[in-house]
DNA sequence: ATTGGCACTCAGGGTCCAGGAGTGCCAAGG
DNA sequence: CCTTGGCACTCCTGGACCCTGAGTGCCAAT
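Structural data, given as structure tokens:
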């Protein structure tokens, strides 16, 4: 159906359009790429490609531009992930060096990705569920309110305020703290829920209700907080792409944590770099954008996702290269710390 | 020099231009506001106002638009802060209700301000220096690395990783933790520096060097971290204003913590609502924007600043009202918790 | 000091036209 | 059957032109 040359033509069209942002015609194609056939031949090929839905012309007597389907075919079969240059590798290393706590790692990663790809970068905080409890701290705020601080082995610190049903004394807090740490230290967060369920037995009955309040907050933190945080950077890069009036829509979507979570969550494969093009993103304001994302995390299993977001007219090979490389480096850093 | 009517004309011009975004002419003025004089009279007044530098015409035979100087006079002498509507007050209360920990307070405040004013909201995290130490926690990560967690009475949690010069044992950590909490609990952060200076004496000499490392990180956290965080929200609102190509510049500036800190830091008076118009902002990308900001904090003294950023063509009275009201409410919330 | 009258200016929007890029189709050649 | 040169056709783009209307500045009269 599509012979080699037609595929080459499609690839050339995508590449040219991405770099020039202008519809590309048959003549320009034979000039810039060394297809040794005449423009007329290319025109025939393009007619077929258009019929199949891979390209369109914005108006009669203009060049062709790729459709979403065209980009899809391009990333699936016509392009190879572009490895980074040496300079870029060095940039990654220097950028991420010296970032120990989770916050700074995430922040630097966002900036790095945005700079590298000149797109909007999106980084999800590593999920809690895979890490283990390092320490739990209870700090009295008032006699009816505690600050619960949960520290994980990945260096993540979660804090929640606990509203108590009744007043609590220092000795009770100390006891509770001891029990919590004794039972939960070293446990994987995924297991915490079941352990907590058995805890009430180990607390003196007087303080049952207060303890219960603390336990339920722990559960919330561990289980319900699957709504992790997503950090965005490089939004300024959107102005280069010509969304014109859709820009408002996109910026709004980028401010909604929930939307971003759904966006990242959609893509299936955890480990590989996945690309979602245009309307493949079933998320309101972002149907005119493309997402290049992958999972990342310490070691082999991925804890969270990161990627870049840009116009469908995006340099996919480069973006995929950058995303893959950054994910690997960050994974390394996380594994070390 | 400028009689009452000329001032009224300037006020009318600012108000009309803000609401319509089009140069306003003499005829439109007498129609929309009930100045009972003829257009010709207004024209004379406008000629004077232009001569004085308060207004300009974009081209001959167009209406006038205010200059920065014109806006300045307007906010200083011609406008009153506009109180919020009942609905808006209720919105603030419901929006901020149920936010206990600092993170959620700040996040909600940003969203609230952005929604209320339809501008970009900017909120600085409450500064550490005024709060007191509630608790210090040391968590071993490896035998040469500690996680230091500092909890303040305002519910803020600071975390830093400490690289130790030599290995450290559990009992040393326990000792160090006890010393730190004994000496620093309840101290104001501003005083921590001097207290820490005396600490080395109270530590067994074997562990001097490790303890010193911990102390210096505490100092960093308390002193050097004056570079607080600033949170931005509502960037999508920028697309409504017609920065056209300056937009890129503005978005870039908004991503730079340092720039935002300088921006907020510039304005002098802590308690009052201050307005900085256009080039009064001596910050690179933001010379074409205006900032309406004020200090806020628990009780009477202000811990940090918040405000909104928008085009110089901004509804200042409304923005000032919203900023003032939100600052007060947030202050209340902070005082309670 | 205010006002009506009047001539003047100029941005914005419309039309018209020519140039050019790009196409589709066809007939001829490998 | 695929490829190619030729050719007519489409239609976007940019420039030139004109016209209209809003708004002004100035002046003489009140």
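Protein chains in written order, with our numbering: chain A, 1 to 337; chain B, 338 to 674.
Note that the Cβ used here is the ideal one computed from N, Cα and C, for glycine as well.
Nothing here was measured: the structure is a model prediction, and the numbers come from that model.
Pairing residue 191(A) with residue 127(A), the inter-Cα distance amounts to about 14 Å.
DSSP places residue 38(A) outside both helix and strand once states are collapsed to three, so it counts as coil. 584, 585, 588, 589 and 592: these are the residues of the stretch 583 to 608 of chain B whose beta carbon lies less than 7 Å from some beta carbon of chain A, given in chain order.
Using a CB distance cut-off of 8 Å, residue 151(A) counts as an interface residue toward chain B.
Interface flag for residue 484(B) against chain A is set, since a Cβ pair is found closer than 8 Å.
Judged by beta-carbon spacing, residue 50(A) lies beyond the 8 Å limit of residue 32(A), meaning their Cβ atoms are not closer than that value. Looking at the backbone, the Cα of residue 347(B) and that of residue 365(B) are separated by about 13 Å.
Three or more beta-carbon pairs drawn from the stretch 294 to 307 of chain A and the stretch 317 to 337 of chain A are found closer than 8 Å, and the two stretches are therefore classed as touching. In the DSSP assignment, no residue is bridged to residue 53(A).
For the stretch 486 to 516 of chain B, the set of positions with a beta-carbon nearer than 7 Å to some beta-carbon of chain A reads 486, 488, 492, 494, 496, 497 and 498 in chain order. If you ignore the 5 residues before and after residue 35(A), its C-beta comes within less than 8 Å of the C-beta of 5, 8, 9, 12, 29 and 42, all in its own chain and listed in chain order. For residue 317(A), the enclosing alpha helix (DSSP H) stretches over residues 316 to 336. Within the stretch 123 to 211 of chain A, the runs of alpha helix (DSSP H) at least 4 residues long that lie entirely inside it are, in chain order, 170 to 184 and 189 to 198. For the options 339(B), 457(B), 383(B) and 393(B), the alpha carbon positioned closest to that of residue 252(A) is the one of 457(B). Judged by DSSP in its simplified three-state form, residue 628(B) adopts strand. A distance below 8 Å separates the beta carbons of residue 238(A) and residue 247(A). Below the 7 Å Cβ cutoff, chain A contributes 161 as neighbours of residue 437(B), in chain order. For residue 231(A), there are no neighbours in chain B by C-beta distance under 8 Å, as the nearest C-beta there is about 11 Å away. Sequence-distant Cβ neighbours of residue 516(B) in its own chain, meaning closer than 6 Å and more than five residues away, are 539. Neighbourhood of residue 134(A) in chain B, by CB distance below 7 Å: 476, in chain order.
Interface criterion not met: the Cβ of residue 534(B) is under 8 Å from no Cβ in chain A.
With contacts defined by Cβ atoms closer than 8 Å, residue 470(B) and residue 523(B) form a contacting pair.
A buried status is given to residue 461(B), since no fewer than 16 other beta-carbon atoms sit within 10 Å of its beta-carbon. By alpha-carbon distance to residue 441(B), the top candidate from 74(A), 57(A) and 159(A) is 159(A).
Chain B has a Cβ within less than 8 Å of the Cβ of residue 236(A).
Taking CB atoms only, residue 357(B) has no neighbour in chain A less than 8 Å away.
The closest CA to that of residue 233(A), considering only 87(A), 306(A), 26(A) and 3(A), is found on 306(A). Contacts between residue 576(B) and chain A, judged by CB atoms closer than 7 Å, involve 247, 248 and 251 in chain order. Here DSSP, grouped into helix, strand and coil, assigns residue 448(B) to helix.
With 16 or more other Cβ atoms inside 10 Å of its own Cβ, residue 281(A) counts as buried. Residue environment analysis places residue 131(A) among the buried positions, since at least 16 neighbouring C-beta atoms fall within 10 angstroms of its C-beta. Straight-line measurement puts the Cα of residue 580(B) at about 50 Å from the Cα of residue 501(B). In the displayed model, residue 233(A) falls within a strand according to three-state DSSP. In the DSSP assignment, residue 20(A) falls within the alpha helix (DSSP H) that extends over 4 to 20. Taking a contact as a CB-CB distance under 8 Å, the pair residue 667(B) and residue 446(B) counts as one, their CB atoms being some 5 Å apart.
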